[in-house]
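J.: In my numbering, the protein residues as written are 1036 to 1256. Before I ask anything, here is the structure I am working with.
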């Protein structure tokens, strides 16, 4: 695993050096970036102010999850939006046998964007155009190795959404900002879990909350 801590990633060359990925992966991400810029003109995918820092703010921020779960083969990304972090992680893992990323996004325009990126990059991805709660209630619900999310909801609400997909060995990897520790404490009021904070590679104010053993707290008799 790479040494963690803020790094400077200004474009594809920096990204390739940091994450040790081949040219094919960079080409896929470059195409992803081109599509995002084009679609952004008509569909609100990301904050416009973040586009100049796309390779750091969105791509590297998402890619750092790969090194926290290199063995995962079935992953579920909740509220994927423009594909962060799930679609980026899938592109990085495209050559891994049996790897599959499932993206859940209820916004149809964003799903159309995700579908085009998947077609153009041949990423190992399935897209679920529905609410997370509906996927959890489906008869063929997923049992992922990893559940991820970024900027979706505070941890107490995020745990409600993610819990139906957790089994004994499932891990949650949730990208959070400076309120991560406060959110963890609020979540402990209703949830039992083990967690570890990993410093972000892209921001001193951010971290990744790694969660295992997620389950509702039982009421005392």
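All residues carry an ideal CB built from backbone N, CA and C; glycine is no exception. For clarity, every value in this text was computed on a predicted model and none was experimentally measured.
Would DSSP call residue 1238 helix, strand or coil?
T.: Taking the first residue of the chain shown as position 1, residue 1238 is located at position 203. It is coil, neither helix nor strand.
J.: Given this structure, state the Cα-to-Cα distance separating residue 1162 from residue 1240, to the nearest angstrom.
T.: Taking the first residue of the chain shown as 1, we reach residue 1162 at position 127. Taking the first residue of the chain shown as 1, we reach residue 1240 at position 205. Taking the straight line joining both Cα atoms gives about 31 Å.
J.: Bridge partners of residue 1183, per DSSP?
T.: Here the question's residue 1183 lines up with position 148 in the chain shown. Partner(s): 1112, 1208.
J.: Where residue 1075 and residue 1107 are concerned, what is the direct C-alpha to C-alpha distance, given to the nearest angstrom?
T.: Mapped onto the chain shown, residue 1075 falls at position 40. Mapped onto the chain shown, residue 1107 falls at position 72. One C-alpha to the other measures close to 31 Å.
J.: Per DSSP, residue 1135 is paired with what?
T.: Counting from one through the chain shown, the residue named residue 1135 turns up at place 100. In the DSSP output, where bridge partners are listed per residue, residue 1135 has 1109.
J.: Taking 8 Å as the limit between beta carbons, can you name the residues of its chain near residue 1176, skipping five residues before and five after?
T.: Within the chain shown, residue 1176 is the residue found at index 141, counting from 1. Answer for residue 1176: 1170, 1199, 1200, listed in chain order.
J.: Kindly give me the distance between the Cβ atoms of residue 1087 and residue 1129, rounded to whole angstroms, as I take these residues to be in contact under 8 Å.
T.: As a first step, residue 1087 is located in the chain shown; it is residue number 52 there, counting from the start. As a first step, residue 1129 is located in the chain shown; it is residue number 94 there, counting from the start. Incorrect: roughly 27 Å between the Cβ atoms, too far for contact.
J.: Indicate the three-state DSSP secondary structure (helix, strand or coil) for residue 1160 in the structure shown.
T.: Position 125 of the chain shown, counting from 1, holds the residue named residue 1160. Residue state, collapsed to three classes: strand.
J.: Please state the DSSP three-state secondary structure of residue 1215.
T.: Here residue 1215 corresponds to residue number 180 of the chain shown, with the count starting at 1. Correct three-state label for residue 1215: helix.
J.: In three-state DSSP terms, what is residue 1050?
T.: One-based indexing of the chain shown puts residue 1050 at position 15. Reduced to three states, the DSSP call for residue 1050 is helix.
J.: Starting from residue 1072, follow the alpha helix (DSSP H) in both directions and report where the run begins and ends.
T.: Here residue 1072 refers to the residue found at position 37 when the chain shown is read from its first residue. Counting along the chain, the alpha helix (DSSP H) containing residue 1072 begins and ends at 1058-1075.
J.: Whole angstroms are fine: how far does the CA of residue 1073 sit from the CA of residue 1244?
T.: The sequence position of residue 1244 within the chain shown is 209, counting from 1. The sequence position of residue 1073 within the chain shown is 38, counting from 1. Near 32 Å, if we compare the C-alpha coordinates of residue 1073 and residue 1244.
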